[in-house]
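My numbering puts the sequence shown at residues 847 to 1860.
What follows is a short report on a single structure.
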Amino acid sequence: MKTHSNVSWLRDVNVFAVNRLPAHSDHVYYETVEEAKKEPPMSMRHSLNGHWKFHYAINPNTRPKEFYQLGFDCKCWDDILVPGHIQLQGYGKPQYVNTMYPWDGHHHLRPPEIPEDDNPVGSYVKYFDIPNNMSNHPLFISFQGVETAFYVWLNGEFVGYSEDSFTPAEFDLTPYAVEGENKLCVEVYQRSTGSWLEDQDFWRFSGIFRDVYLYTIPNIHVYDMHVRADLDRSLQTGILETTLELKRSQEKEVMIVAELYDAEGAVVATADMKTNQDQATVSMSVDSPALWSAEDPYLYKLFLKLFDENGTLVEVVPQKIGFRRFELVNNIMTLNGKRIVFKGVNRHEFNGRTGRVVTKEDMLEDIKTMKKHNINAVRTSHYPNNSEWYQLCDEYGLYVIDEMNLETHGSWQKLGKVEPSWNIPGNHLEWEPIVMDRAVSMFERDKNHPSILIWSCGNESYAGEVILNVSRYFKSVDPSRLVHYEGVFHARAYDATSDMESRMYAKPKDIEDYLTNDPKKPYISCEYMHAMGNSLGGMHKYTELEQKYPMYQGGFIWDYIDQALLKKDRYGKEYFAYGGDFGDRPTDYSFCANGIVYADRKPSPKMQEVKFLYQNIKLVPDREGVLVKNENLFTDTSAYQLEYVLYWEGTELYRKKQDVFVAPQEEVYLPFDWLEQGMNESGEYCIHTMLTLKQDQLWAEKGHEVAFGQHVYRMGAIQKERNARGALKVVHGDVNIGIHGEDFSVLFSKAVGSLVSLHYAGKEMIEQPPMPLFWRATTDNDKGCSQLYHSGIWYAASLARKCVNMEVEEKPGHVSVLFTYHFAISDRVEVKVGYTVFPDGSLRVRSTYQASKGGETLPQLPMFALSFKLPADYEQLEWYALGPEENYADRATGARLCTFKNKVEDSLSQYVTPQESGNRTGVRTVKILDANGQGIEVCSVEEPIECQISPYTAFELEQASHPYELPNVHYTVVNVAGKQMGVGGDDSWGAPVHDEYVLKADQDLEFVFDINRV
């Protein structure tokens, strides 16, 4: 045992744990059976969370070096909250970087060097009295998470040192504790050798950010337990083997009694044994056990009772058990004998106010949101999570890839290029102990959770002997799980590290190339669908592989939650900030915001697509009935009710509910049962089919929709009735053409070259005339593709055009005005916009784009639309379109044809950087109304159109980097599009939108819509 600290340990790769207790399982323990059954907070634990005394120094030289001495008065120091990050409590500043190390450009360092003058130090002090029930007993302390390295003293005596921010560090305080007041001192350094191993894509913080507590143990104590709940090959017999490591105050005989209870509280197996040893194994078997899966997370409960030599009960350990068998069979990953598909997401621990300090309430909200949206798997990117997360995954049912705290991205990849000349750990065996320590700590803590199917050797650290040895370690201690590591993609000599072919952001074609060329391992995308901003386009191309290739076994979206931090602008209004907003340099700016939920945990519109494409049950309706395809592996559909609804032109005609039974991996066609009356009217029909929960579940209430499918069909010809009565008066002015009818007037300007007035019942509707629009506010994916560079001429074309011709045609019952526009970008691009005015005051608008000659030399169009402004009072929207959430050409499979209402302000999705959002495809009609229900209606005519109605123009959005930079709202901006390109999402740094969702400049385009008054 070392009795003195040394600051040189911070840069010594061989020193990462001094006097730290060996890692162990995360079980709880009690003194009585009654307590163990209820599992209240442990009486043998005492939380030290709360306010601590605190001093902040910018580097080690300015820290109070002797603060741990009893005579050093710290009680006048500031207070800081534990758990919490130093940088979010008024000291230093948070910094966001992705792959580069945070000191890049400030210091030229190579591992294991650390910056001497740029290493903030937090000195923490907690004064406490030993709780009465812990007096005269062994006393220990547990730090669940400290970033990145820390020293501990108690009452002036050195206790220990630890690195690894994301696994517990525990120390024995017994020799140093005193009756009365104790002075606990912790010195936390932001930079250490461990910083080279923690180059994850996240905010760089420091401090005590997880729970801290004292604990004691009884005279006989289960220090560690390894529960192996396996199945024989027939899956009919459960084999439960529990290995215990005991701590005994005296070397006397111990009686161990094990009792296994099912979920209903009945005893299903018992075993007992006596031992004089510190290690013992208790075994039992269960006939035909209920099996654990994410679909049905059935948990047994094991109670271990420890009695002393006198037969007195000393300790009771409760442990939840899930029987399952996960293995490779014929190169396919199987769970309980069935091929598994991961419908997953990567999850950083994050809260928009507190950073990586997450509460149980945060975790519960996350897991319920995931379950509600058909997500069945999570990867703990890229570090072991709070221990409570795994308990929730066990209970609620999520498959877990548990990833060790290792990423050295900046040591081998620079500006996207692979350059591993100084990669760590690589083949540098001097780094193996510190790396292996992280693997051991994760395994020992988490090994008893049935939700964990796969151990991961870390993330984006290239490959080499060290990580290969980590993989060998996992396999040696735990044959019941597989091992994952993606980095071997870059170094195939170490392919044996991973049991599966894992890739990041591989395109669908690349995945198919692998799967059709004699694959040796099952395939997963450990990261795919980079959900940065308005993204997730083309996700269906990945999920379509699930049923096509048995060795394709799913993927994990990047990622779950936007890592954006609440900050106040100069006027005191809160907004979600990203890298660089805190003056942090270097930074990777908004690359931290890739979530399918926002930083406030509200689902983003992208989640609509995720929920649909991740459905385990597919509903495929036609006019006569619905095919129910149950792709669940283990559960039938008896927990759900089938509901189907018939709509005609958006109006509900019939609604029926019925029970449905489809066995797992089976499909059944169910005919609809409804009246035929009213189903022969001409028009558009839509059938919605839904599966909803019959009863409340842990994760959702009764009535929650778990699956959806729709069928749209048309009866008869399109009929658009129009009131043609009344006369039109045409006034040919010198500058304007006026068309007047009963209670309305329309004005076209020769000077402006457009419609300039639409006057209904004394109200002017047009605030800015309609003009051709080719540009959308660039999305994050557009920026990654350099859209402004490649297609920026369409930005210019949207701002400047020349009206070269205006034609007026008067016919009985209508008057037409046609404008022709040319553009400086090419003399071969021509747009015509025609307006036909009818006596009822409605307008038919036809816009055509022609560039068939010479268009092949022009870049792709972001969109082809007409844009105009209404007064901002027209802010109420009523849609009959694909919705209800925003959708795009390549992100519309989860959208349904329906009627819904929202406001113009709702179209501005909460992406951290303003960008294109709020679009709806498949628009039949949208009403734009004021508070009195008056306004206009935009209607499709020949084909459904796309509409985006926003408080801002594309150019206002383009110029703003944050929401607070947007101007005050003065208008309702209406963009009616024939087409808009997809949003993409294969990645956000160059992957193009898939070809079928691109608008090519050499194709002719046309769309038609009506404007009616309401």
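By construction, the Cβ of each residue, glycine as well, lies at the ideal position given by its N, Cα and C atoms.
Keep in mind that this is a model prediction, so the values were computed, not measured.
Contact belief for residue i with residue j at Cβ below 8 angstroms, rounded distance in angstroms
i, j, result
"I1791", "F1746", "Not really, about 17 angstroms apart at Cβ, beyond 8 angstroms."
"M1611", "L1716", "6 angstroms"
"I1178", "I1247", "Going by Cβ atoms, the distance from I1178 to I1247 rounds to 17 angstroms, so no, they are not a contact pair."
"H1586", "K1596", "Contact doesn't hold; Cβ gap of about 17 angstroms is too wide."
"R1225", "G1272", "Contact flag wrong, Cβ pair sits at about 23 angstroms."
"P966", "I926", "With 8 angstroms as the limit, P966 and I926 do not qualify as a contact, their Cβ atoms being about 13 angstroms apart."
"F1472", "Y1490", "Note that residue 1472 is Val in the sequence shown, not Phe. Right, their Cβ atoms sit about 7 angstroms apart."
"R1861", "E1762", "As shown, the chain starts at 847 and ends at 1860. That puts residue 1861 outside it, with no answer to give."
"L1252", "L1043", "5 angstroms"
"Y1667", "P1618", "6 angstroms"
"S1052", "V1032", "Going by Cβ atoms, the distance from S1052 to V1032 rounds to 12 angstroms, so no, they are not a contact pair."
"F1620", "L1707", "5 angstroms"
Distance CB(residue i)-CB(residue j) smaller than 8 angstroms
i, j, result
"S836", "D872", "The shown model of the chain, from 847 to 1860, leaves out residue 836, and the question about it has no answer."
"G930", "V1203", "yes"
"I1774", "I1795", "yes"
"D858", "R1284", "no"
"G1764", "E1802", "no"
"R1770", "A1738", "no"
"D1292", "Y1236", "yes"
"P957", "W949", "no"
"D1212", "Y1406", "yes"
"G968", "V928", "no"
"V1691", "F1855", "yes"
"D1133", "K1098", "no"
"Y1817", "G1425", "no"
"W1545", "K1214", "yes"
"Q990", "R1050", "no"
"G936", "A995", "no"
For residue j and residue i, the rounded distance between their alpha carbons
i, j, result
"L1743", "N1363", "40 angstroms"
"K1260", "M946", "7 angstroms"
"K1502", "D1359", "45 angstroms"
"A1410", "V1592", "48 angstroms"
"A1126", "L1092", "8 angstroms"
"L1238", "M1130", "26 angstroms"
"V1456", "S1344", "27 angstroms"
"E880", "K1166", "16 angstroms"
"K1540", "P1449", "24 angstroms"
"M1216", "F1004", "44 angstroms"
"D1907", "E1513", "Given that the chain is displayed from residue 847 to residue 1860, the structure contains no residue 1907 and the question cannot be resolved."
"A869", "S1287", "5 angstroms"
"L1664", "Y1681", "6 angstroms"
"Y914", "W923", "13 angstroms"
"K1699", "F1428", "51 angstroms"
"D1047", "E877", "43 angstroms"
"E885", "M1101", "23 angstroms"
"N944", "H1376", "14 angstroms"
Buried/exposed call for residue i, threshold 16 Cβ in 10 Å
i, result
"L916", "exposed"
"L1723", "buried"
"S854", "exposed"
"A1670", "exposed"
"S1834", "buried"
"G1111", "exposed"
"P887", "exposed"
"S1644", "buried"
"S1267", "exposed"
"V1128", "buried"
"V864", "buried"
- request: Flag this pair as touching only if the segment 1708-1715 and the segment 1811-1825 have three or more C-beta atom pairs under 8 angstroms; answer yes or no.
  value: yes
- prompt: Can we say the segment 1216-1223 touches the segment 1458-1465, given the rule of at least three CB pairs closer than 8 angstroms?
  reply: yes
- request: Taking 8 angstroms as the threshold, find out whether the segment 1066-1074 comes into contact with the segment 1084-1101 through three or more Cβ pairs.
  value: yes
message: Does the structure place the segment 1364-1376 close enough to the segment 1393-1408 that three or more beta carbon pairs sit under 8 angstroms?
response: Verdict: yes, contact present.
task: Taking 8 angstroms as the threshold, find out whether the segment 1055-1062 comes into contact with the segment 970-980 through three or more Cβ pairs.
output: With a cut-off of 8 angstroms on Cβ pairs, the segment 1055-1062 is in contact with the segment 970-980, counting three or more such pairs.
Cβ pair count under 8 angstroms reaching 3, the segment 1543-1557 against the segment 1641-1660: no
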